[in-house]
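Below is one structure, written out as structure tokens; comments come after it.
There are 4 protein chains.
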Amino acid sequence: MNARPARAPSRRVPVSKSATSTSVGGVPAQERKLRTQGKKTLRKLLDAAMIVFEKRGYHAARVDDIVKVAKTSHGTFYLYFANKEDLFRALLADVSDEMTELSEQLPSIAPTRLGYDELRLWIGQFFDLYARYYPVIRAWTESEVGDSDLGELGVNVLGGFANALITRVAEVDPPVVSNPDIAAVAMVAMIERFSYYVLSRSLDVDRDQLLDTLTSILHVGLFAGSRRRPTR
Amino acid sequence: MNARPARAPSRRVPVSKSATSTSVGGVPAQERKLRTQGKKTLRKLLDAAMIVFEKRGYHAARVDDIVKVAKTSHGTFYLYFANKEDLFRALLADVSDEMTELSEQLPSIAPTRLGYDELRLWIGQFFDLYARYYPVIRAWTESEVGDSDLGELGVNVLGGFANALITRVAEVDPPVVSNPDIAAVAMVAMIERFSYYVLSRSLDVDRDQLLDTLTSILHVGLFAGSRRRPTR
Amino acid sequence: MNARPARAPSRRVPVSKSATSTSVGGVPAQERKLRTQGKKTLRKLLDAAMIVFEKRGYHAARVDDIVKVAKTSHGTFYLYFANKEDLFRALLADVSDEMTELSEQLPSIAPTRLGYDELRLWIGQFFDLYARYYPVIRAWTESEVGDSDLGELGVNVLGGFANALITRVAEVDPPVVSNPDIAAVAMVAMIERFSYYVLSRSLDVDRDQLLDTLTSILHVGLFAGSRRRPTR
Amino acid sequence: MNARPARAPSRRVPVSKSATSTSVGGVPAQERKLRTQGKKTLRKLLDAAMIVFEKRGYHAARVDDIVKVAKTSHGTFYLYFANKEDLFRALLADVSDEMTELSEQLPSIAPTRLGYDELRLWIGQFFDLYARYYPVIRAWTESEVGDSDLGELGVNVLGGFANALITRVAEVDPPVVSNPDIAAVAMVAMIERFSYYVLSRSLDVDRDQLLDTLTSILHVGLFAGSRRRPTR
DNA sequence: CATGAATGAGAATTCATTCAT
DNA sequence: AATGAATGAATTCTCATTCAT
């Protein structure tokens, strides 16, 4: 099985980016032109939501909490978002956009010291982005249930990363793994989940350790056959 | 940071598993002396909960749903469990037990074809167990928020796996990675998350493909320097 | 134009009686077997609603008001009805049933003193029924808006009366009016609206006066050509 | 009870019509000196209200809806009206005025072909007026609840019609009905309600059919004893 | 005159948990 | 043991009205 898994992650890709991409949730899809004032309030709400999601998690987060943190009123919230999920979508769209952009910047990886460093740098960027949006990502994890289409966004993002990685893995000659596409997803899984463990404080590891470990494993995984150590 | 991370995952490990027995609220105390009838009802409820968690997720699951699926009444539910979380703990304890047991069975891994096959077999067992308890695990993922102690159980389980793997990784000579303990966690992360992707149907990969991929990467990762291909 | 108008009133007749006819609103279409206790509560709620609708009207009626009058709790309300409209439907179904039954009892009308008396008796029964359900009918008037299907029930009921009357009007020989079916509806309109005026206290007329007036006009209308006075 | 019912309808007639001018809240006081611009906005709002009332009904109509249809802002609305009811009163006053005027034009009715035609013409005028203001009338029907004084306006209007008719009925010699005043109200009820049925599309009857039917019944009712058919 | 933004009281609805039978 | 019924605290959401620009 060679080519399909690559597309697999996008199996449920209906709502790629769409209108929401600009992060404007907006009253039931209306919410046109916002003046300075309006934009400020919108941002206050989004920021507040991040804080509350971080502290409470998605499900436990109350619109009331968000409103309090944003120092605005209940009514105002519904002026900008139809409900909590709507706001959440706006945040997710932001993450999604940035993640996709990052995935497109994955460099070609050489079995050299330089290649190792470049890879490390890129994983570092991923981790930083992941850390920044950690509350949103955790919330996504939480809400990733049932038939909701919320999970799809996440799947798309992961798929994006996997695809980027697949391209690089496929460039490796001679091939180390028999199914580069599946392997790519496994690697993404590792990067993602390991970052999650670290950020959730389940794991007492710092940024450098994380990067060293992930980069090593990936580099070894990619070039196992052709070289000894990344440090060479 | 070299040796400690192994313990890191258990940073929050207060309630190992006996949780169920101690934290059980008032009513469920009668859980002890259960006659045939009682046991049957208990089972019905646990099974029903699995089904509902699977379909709805933990947060969205209503006691009412569970009760309906179990074809019993509201009152009866509270005869067996103090609340939804209590029931969830019971399920988690089961998973936890079986997972721990499995982690203790991780074989010593040799850089040979046999070692590869043994590892593959073990990962297969993990995946099957993971698949069986998928609803519970997903629910755990969901509930892993805030100050609840529910997440700890999961951390313990992962820590168990990581520890088992660390032992094996440390046995490898010469060492491939500089931080075997951290690397072990990264690998567990990969196995776990990749399985999750597959089971959540985000990924169109079958069991064999999953096992091939994971085993390959792990085996390569462990013995990168000393050999070429696991298949040799 | 002769025959169509007769059917006209039923132009929108989708939900004739259906399951709701027994007046059991019921939690989203479930609400199966009710014990004595349950039935009592159901009745309390329906009665309370009549009182509140009478006093406040449909729109202004709050679930809270109903619950208070019924001396029960908010939660209980939603145990029996999905919402205010659901309860209202249950009441409407009752009215509808009784009205339909009454319409079927309209006697054949003779141009005699006896015919007059029989007609008067029947209109009296209508008025009494109308008076009994006045709160519901007024609420219906209020809610008879837009695309809701609530209005249809009422249309059906009126249509039932009109049809009954048409049959009688058509029996008259020689025919007095050219379009008996349309005329029948006009007469129903008069009976209904006049009753409404009287009951809404817009009009200071007592039951006997109402019956005398309506019966006279109807009798005259039906037999204008063949006789002088109903009293002869 | 013989003569009084004529005044009955006005039993609650405190605020004949100048209501608008007295009950107007604070802001709309500026309604006076309106320049071209202002008048245009005022009209836009009134028209919009008609449209929204038509579509949604009075209660369900939101100030927001009206404002949107009028393509103006929330703030502007309150520049012209104290609230929704205030606007509604303004519309009602218009209807009321025109209705009253029309009622004063009811011709003396003769038991002849000419009388029939004149009556038909007049009912036609009534129906057209009724049709034009249908949204307002329906809204009035809806709001005619409780202690609001809104209903009174309507009662007054009806009373006006009834009085006009009473005068004509009383002119008939020999008298057909014993209580001309009550009968007059019953007839008004019929005309009004039948028109309502037709306009609410509950009834598939066109304008001519409506006029034929109503005129026939009325003419027969008035001159039952003295003639056979209006067409003779 | 006009408008976008904000407000907050009020109403609907859900659901875990308790209770009487 | 089991169950139908009841409860009410907690939340979400709406919308008339006011305000600053």
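Residue numbers (the working numbering), protein chains in the order written: chain A, 20 to 251; chain B, 20 to 251; chain C, 20 to 251; chain D, 20 to 251.
Backbone N, C-alpha and C define an ideal beta-carbon position, used for all residues, glycine too.
Check	Outcome
Beta-carbon separation of A142/A and T234/A under 8 Å?	A quick correction: the sequence has Ile, not Ala, at residue 142/A. Going by C-beta atoms, I142/A is nearer than 8 Å to T234/A.
Would you mind reading off the limits of the alpha helix (DSSP H) that contains F146/A?	R132 to R151
Enumerate in chain order the residues of its own chain whose CB-to-CB distance from S122/B is below 7 Å, with the five nearest sequence positions on each side excluded.	G179, F180 and A183
Can you list, in chain order, the residues of the segment 178–190 of chain B whose Cβ is nearer than 7 Å to any Cβ on chain A?	none
For the segment 207–214 of chain B against the segment 211–221 of chain A, do three or more pairs of beta-carbon atoms, one drawn from each stretch, fall closer than 8 Å, so that the two count as touching?	yes
For a cutoff of 8 Å on Cβ pairs, would you count M118/C as touching chain D?	no
Just confirm the distance between the C-beta atoms of L65/A and L110/A, as a whole number of angstroms; I'd bet it's less than 8 Å.	6 Å
Looking at G240/D: is its Cβ nearer than 8 Å to the Cβ of V239/C?	yes
Taking the alpha-carbon of L229/C as reference, which of L140/C, D168/C and R132/C has the nearest alpha-carbon?	L140/C
What are the boundary residues of the alpha helix (DSSP H) that D223/D is part of?	Where D223/D is concerned, there is no enclosing alpha helix (DSSP H), given that its DSSP letter is neither H nor E.
So which of F145/A, K74/A and Y99/A has the shortest CA-CA distance to A208/A?	F145/A
Within the continuous alpha helix (DSSP H) that includes E104/C, where are the two ends?	K103 to S122
How is the alpha helix (DSSP H) around I128/D delimited, first residue to last?	Per DSSP, I128/D belongs to no alpha helix (DSSP H) and is neither H nor E.
Is the distance from the Cβ of A100/C to the Cβ of A158/C below 8 Å?	Reading off the sequence shown, one finds Phe at residue 100/C, where the question assumed Ala. It is not a contact, given that the beta carbons lie outside the stated cut-off.
Restricting to Cα atoms, I'd like to know which of D147/C, L172/C and G134/C is closest to F242/C.	G134/C
Using 10 angstroms around the beta-carbon of T160/A, count the other beta-carbons present and answer buried if the total reaches 16, otherwise exposed.	buried
In angstroms, rounded to a whole number, what distance separates the CA positions of V155/D and D116/C?	31 Å
Where does R187/A fall in DSSP's three states?	helix
Return the chain-ordered list of same chain residues with a C-beta closer than 7 Å to the C-beta of Y152/D, the five sequence neighbours on each side being excluded.	V114
Could you check which residue in A80/A, G173/A and S197/A has the C-alpha nearest to that of S219/B?	G173/A
R139/A CB to nearest chain B CB: under 8 Å?	no
Who are the Cβ neighbours of P199/C in its own chain at under 7 Å, not counting the five residues just before and after it?	I185, V188 and A189
Quick one, are the C-beta atoms of P130/B and E137/B less than 8 Å apart?	no
Please report the distance separating the alpha-carbon of T91/A from that of K63/A.	9 Å
Express the C-alpha separation of K103/C and R81/A in angstroms, rounding to a whole number.	27 Å
Can you name the residues of chain B whose CB is closer than 7 Å to the CB of I128/A?	Within chain B, no residue comes near I128/A; the closest Cβ sits about 16 Å away, beyond 7 Å.
Looking only at C-alpha atoms, which of L237/D, I201/D and R226/D sits nearest to S221/C?	I201/D
Exposed or buried, which one is E120/D when buried takes at least 16 other CB atoms within 10 Å?	exposed
Quick one, which of A79/A, V176/A, Y77/A and F96/A has its alpha-carbon nearest V86/A's?	F96/A
Could you confirm whether any beta carbon from chain B is found closer than 8 Å to the beta carbon of Y216/A?	yes
Taking Cβ-Cβ distances shorter than 9 Å, what residues in chain B pair up with L110/A?	Here the premise fails: no neighbours, minimum Cβ distance about 16 Å.
If M118/D and V71/D are in contact, beta carbons under 8 Å, what's the gap, nearest whole angstrom?	Contact flag wrong, Cβ pair sits at about 22 Å.
If you draw a straight line from the alpha carbon of I236/A to that of G57/B, how long is it in whole angstroms?	51 Å
Just verifying my parser: in three-state terms, what is the DSSP assignment at T160/B?	helix
If we count the other Cβ atoms within 10 Å of its Cβ and call it buried at 16 or more, is H93/C buried or exposed?	exposed
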